[in-house]
Amino acid sequence: MKIFRGFHHPGIASACALTIGNFDGVHRGHQAMLALLNNEAAHRGVESCVLTFEPHPRDYFAGAARKPELAPARIGTLRDKLTELERCGVQQVVVLPFSARLAAQTPEAFINEVLVQGLGARYVLVGDDFRFGAKRAGDYAMLDAAGQAQGFDVARMNSYEVRGLRVSSSAVRQALGAGDMEAAAALLGRPYTISGHVVHGRKLGRALGASADGAQDGFRTLNLRFAHWKPAASGIFAVLVHGLGDAPLPGVANLGVRPSLDPNDVNGGRVLLETHCLQWPDSLGAEGAYGKIIRVELLHKLHDELKYDGLDALTAGIAKDCADARAYFASGHARSYTETRRQTTRDRI
């Protein structure tokens with residue numbers, strides 16, 4: 090899959106079948122739309138292309154209004170969005186910076202400058218609630234009329250439903266916010282996942298609960314930065330970690346801002362996913378995970394983030410979380426979850 094920031098680049102397709110949107114989460118509705126897009130692209134002999142935006146337009150407007158509460162919680166990072174778009178068979182992604190200039194662009198200018206001249210759209214597929222241009226003045230009827238005048242086809246896809254529930258990024262955010270990971274997985278068509286490079290932290294976890302003779306190595310964690318200040322999910326989770334060996338590793342993870350730690354630490358103020366593997370691979374050694382790209386599936390929420398009074402209380406809290414995560418995996422719920430996931434995949438196919 091080719092990825093471009095903006096469309097003024099050599100190598101960008103001269104013609105494409107295009108869809109436009111934020112694609113936060115790349116949920117089952119998005120997946121159905123992308124399958125149709127790929128089919129239409131193949132029929133026309135052009136590349137399938139997704140036009141998406143960074144930051145999210147609502148992030149931009151919330152910042153401009155100085156009202157951060159208006160920004161939507163973010164389901165996935167840009168890395169995870171691109172990974173899922175590639176998994177869905179998209180051939181080209183254009184990430185367009187959402188700026189004051191783009192926000193002020195008229196619908197007519199967006200069609201002419203971006204869709205026609207910039208991307209060579211021959212087919213444009215949009216959702217049933219699609220709006221575009223300054224003040225969201227552009228709609229499907231305007232886009233369809235422009236397509237007839239300028240020689241590209243326009244199609245609209247109705248809402249996608251699972252068991253009578255409309256699948257949307259808002260529904261995924263609601264499920265994640267409520268800690269209902271099974272509902273989120275049903276909407277996404279896969280477990281909720283965060284991926285990224287393992288980065289250095291304070292290395293405090295390995296000291297917590299460590300034994301004097303080295304028999305107990307504390308709570309070593311794998312730290313991933315979540316590149317948005319407002320994740321849709323937060324709290325403590327039972328997880329599976331992929332990328333450190335042939336089989337996924339069970340673990341317990343904290344997604345959030347770590348309220349029990351000094352806000353001035355090396356990652357202070359940043360949202361982190363800190364994962365402790367319940368079975369650390371001996372082959373990695375103490376430092377072998379840094380720089381690796383791992384993928385963490387958040388399977389079951391144990392509880393919200395808690396603020397502990399001191400490191401001893403924090404150590405006891407982490408030990409209890411590890412015990413609860415072990416109990417979750419031992420109970421067979423994770424296996425049942427895997428079977429549900431397989432059934433979800435079969436339903437999607």
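What the sequence shown shows, in the working numbering, is residues 90 to 438, in sequence order.
Built from N, CA and C at the ideal position, the CB exists for glycine as well.
Using a Cβ-Cβ cut-off of 6 Å (strictly less than) and excluding sequence neighbours within five positions of residue i, which residues of its own chain qualify?
i	result
Ile407	Phe308
Ala121	Tyr249
Pro157	Ala151
Arg211	Ala104, Arg133, Val135, Phe241
Under the assumption that residue i contacts residue j (Cβ atoms under 8 Å), give the Cβ distance between them as a whole number of angstroms.
i	j	result
Ile325	Asp410	5 Å
Tyr149	Ala192	7 Å
Would you mind working out which of the options sits nearest residue i, comparing C-alpha positions?
i	options	result
Gly380	Ala342, Val288, Gln206	Val288
Glu197	Leu361, Gly216, Leu232	Leu232
Asp228	Ile200, Gly207, Gly209	Ile200
Val328	His317, Pro186, Tyr417	Tyr417
His392	Gly421, His422, Leu373, Asn343	Asn343
Pro186	Arg211, Tyr397, His97	His97
His132	Tyr149, Ala154, Asp242	Asp242
Leu107	Thr172, Arg168, Gly207	Gly207
Gln368	Gly399, Ala414, Val346	Ala414
Ala244	Glu394, Arg252, Val251, Phe219	Phe219
Arg255	Asn111, Asp401, Gly118	Gly118
Gln181	Leu395, Arg94, Asn247, Lys390	Arg94
Met270	Gly253, Met246, Ala322	Ala322
Val261	Met246, Tyr281, Gly253, Tyr212	Tyr281
Gly268	Asp401, Leu400, Lys390	Lys390
Ser188	Asn111, Arg176, His145	His145
Gly278	Val251, Leu400, Glu394, Ala336	Val251
Ala235	Arg147, Val213, Thr141	Val213
Taking the beta strand (DSSP E) that residue i falls in, what are its first and last residues?
i	result
Asn312	311-314
Ser137	136-143
Thr364	361-366
Ile325	324-331
Glu386	382-392
His286	281-286
Thr108	105-109
Arg252	Arg252 -> no beta strand (DSSP E), and no H or E assigned at all.
Arg63	Because the chain spans 90 through 438 in this model, residue 63 falls outside it and cannot be assessed.
Arg225	Element bounds for Arg225: n/a, residue is neither H nor E.
Arg245	242-246
By DSSP's criteria, residue i is part of a beta bridge. Which residues make up the other side?
i	result
Leu373	Leu373 is not bridged to any residue.
Phe93	Val183
Gly345	Leu361
Leu395	According to DSSP, which records beta bridges pairwise, Leu395 is partnered with nothing at all.
Taking 8 Å as the limit between beta carbons, can you name the residues of its chain near residue i, skipping five residues before and five after?
i	result
Val179	Met90, Leu123, Leu126, Asn127, Ser137, Cys138, Val139
Cys366	Arg309, Leu311, Val330, Leu333, Leu338, Pro339, Gly340
Leu167	Glu143, Val184, Ala316
Val205	Gln239, Phe241
Ala272	Ala264
Gly100	Lys91, Phe93
Asn111	Thr141, Phe142, His145, Pro146, Ser258
Going along the chain, which residues of its own chain have a beta-carbon closer than 7 Å to the beta-carbon of residue i, five neighbours each way excluded?
i	result
Pro320	Ala162, Arg163, Leu344, Val360
Ala223	Ala192, Ala193, Gln194, Thr195
Leu171	Ile92, Val182
Glu173	Val115
Could you give the residue range of the alpha helix (DSSP H) that holds residue i?
i	result
Pro146	146-153
Gly406	400-419
Val203	Taken as a continuous stretch (DSSP letters only), Val203 belongs to no alpha helix (DSSP H), as it is neither H nor E.
Lys170	167-176
Gln120	117-133
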